[in-house]
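Take the sequence shown: its letters are residues 1430 to 1830, numbered as in my numbering.
Every residue gets a Cβ at the ideal spot worked out from N, C-alpha and C, and that includes glycine.
Being a predicted model, the structure only gives us computed values, none of them experimental.
Step one of this worksheet: look at the structure below.
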Amino acid sequence: MKSESLFYLLAKPFIYHLHGAFLVILVFFIGYFLLVFFYKDRLKKIRWLNLITILLVIILGLYCRLSLAGFTLGNYDLFSYEIVAKILSEGKNVYLYTHRYNYSPFWFTILFSLYKISLIFPKISFFFIVRAFLTLVDLVILLVLYKISKLKKIFFPPVAIGFFLNPISIIITGHHGQFENLSILFILLGVYFYLKNRKSKLPALLFLFGGIIKHIVFNQVLVFLNHIFKDKKKVVFSFGLSVLIFLGTFIPYWSLGRRGIIKNVFQYESLTGGYGISYFLEKINLDLVSVYSKIFILLFFSFAFIFKTKKLMRAVLINFLFFLTFTSGMSDQYLVLPLAIGALSYSWFFLGYTLIGSLYLFQSPVQLVLRQYNFVSSNIVWLLCLFWFIREVFQSYEKKN
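In structure tokens:
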């Protein structure tokens, strides 16, 4: 097909020179942020340059994501997506017929819809369609970030670059094909509608929807409730109701698939050890890692319940960083969690996180395997998360006082 050959010709310069292309993106990323740090007031006045910058970011961000989606095999989970979609196409209960991690009903319903599209267009792979959909999600996130920036009077070009031209986001969406960004989209929508109308009930529903889509961000529901209610009893009651709604999404599948739901959803754990606190615990005793994984779940929700700051955006960011700092198990896609909300502040820590996180993903065995960067371990990323987390917490207390 001519369209396919044209797509290949357009993607070829990027795909065949991934190392150089990502280095150019990183250099531009860092260079522009340095300009913003030192000359933001001057840059704000050059409107035509800002408009061109945003348009270039959108074009390059789409180009990089779709090129990776079209010409890289992707991650192990893409095969899981296909298995789930095929089970649904046969009218079977997903939780009964697969032993892999099964995802939420909302996500596998989307997968089923995308699978049907791939059947209508058999020359377009299912893997590409999934990652093209997630690219569209990133584009909508960019629009929401623009809306938030407008409300908060934040200079938008560095926000656009910080998220949409961020190598971490490009790799996780375009190559990896993970759907953390879908849950992040709903959380950002919750933030936006809360900033627009603090009395609206819609933000609470959006936060809940984000938590239902991806369970590792379910604590953000508690973050939001803790932010809007002074009375802790109201927080507990509302969160309890949210948990019941979350559990209710599994009711249609429970009678036949309860074992799969319990084992592959509620008891699912990321790979433990080798990262952060688990790295040190496994040096002492491997059994401690298993114990800590249970303790972490308690800490995960306790921190969201106890910690409170005046700004919702900062609370969301801090809780994403809490997860990355104290998690008992780590997967590469988790690195995308603080990007969108972090881009709104474009701090030095955000810049460092992008640089180190990108270099780590370049050499990760489940990513692009550019071995030139195998000196960047996951624990260097963890240290940066730790210091970024501490800095944000201290800043929140300084502004309280």
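By the CB criterion at 9 Å, K1740 and F1584 fall outside the cutoff. For G1758, the secondary structure class from DSSP, reduced to helix, strand or coil, is strand. In the same chain as T1678, and ignoring 5 residues on each side of it, the C-beta atoms closer than 8 Å to its own belong to S1533, P1534, F1535, I1641, in chain order. Counting other Cβ atoms within 10 Å of its Cβ, Q1762 reaches 16 or more and is therefore classed as buried. Comparing alpha-carbon positions, the option among I1444, L1784, T1738, L1495 lying closest to F1462 turns out to be L1784. By the Cβ-count criterion, V1453 is exposed, with fewer than 16 other Cβ atoms from all chains shown falling within 10 Å of its own Cβ.
In this structure, the alpha-carbon of L1455 lies about 25 Å from that of G1705. Less than 9 Å separates the beta-carbon of L1813 from that of G1781. A distance below 7 Å between beta-carbons, with the five flanking residues on each side excluded, links T1501 to the following residues of its chain, in chain order: H1604. The beta carbon of G1490 lies closer than 6 Å to those of F1593, L1594 in the same chain, with the five residues before and after it left out.
When DSSP states are grouped into helix, strand and coil, T1527 belongs to the coil group. When the beta-carbon positions are compared, L1750 and E1821 come within less than 9 Å of each other. Within a 10 Å sphere around the beta-carbon of H1528 sit fewer than 16 other beta-carbons, which makes this residue exposed. Segment contact: the region 1622 to 1640 against the region 1648 to 1656, three or more CB-CB distances shorter than 8 Å; contact assigned. Secondary structure at S1554: coil, using DSSP grouped into helix, strand and coil.
A Cβ-Cβ contact shorter than 9 Å links V1573 with L1618. When the five nearest sequence neighbours on each side are left out, the beta carbons in the same chain lying within less than 8 Å of the beta carbon of L1717 are those of L1710, E1711, in order along the chain. When DSSP states are grouped into helix, strand and coil, Q1696 belongs to the coil group.
For F1622, the enclosing alpha helix (DSSP H) covers residues 1609 to 1625. Fewer than three Cβ pairs drawn from the region 1481 to 1495 and the region 1503 to 1520 lie within less than 8 Å of each other, which leaves the two stretches out of contact. For G1591 and I1724, the gap between their C-alpha atoms comes out near 33 Å. The beta carbon of S1629 sits closer than 8 Å to those of F1622, Y1623, all from its chain and outside the five residues before and after it, given in chain order. DSSP places T1783 inside the alpha helix (DSSP H), whose first and last residues are 1777 to 1792. With fewer than 16 neighbouring CB atoms inside 10 Å of its own CB, H1448 falls in the exposed class.
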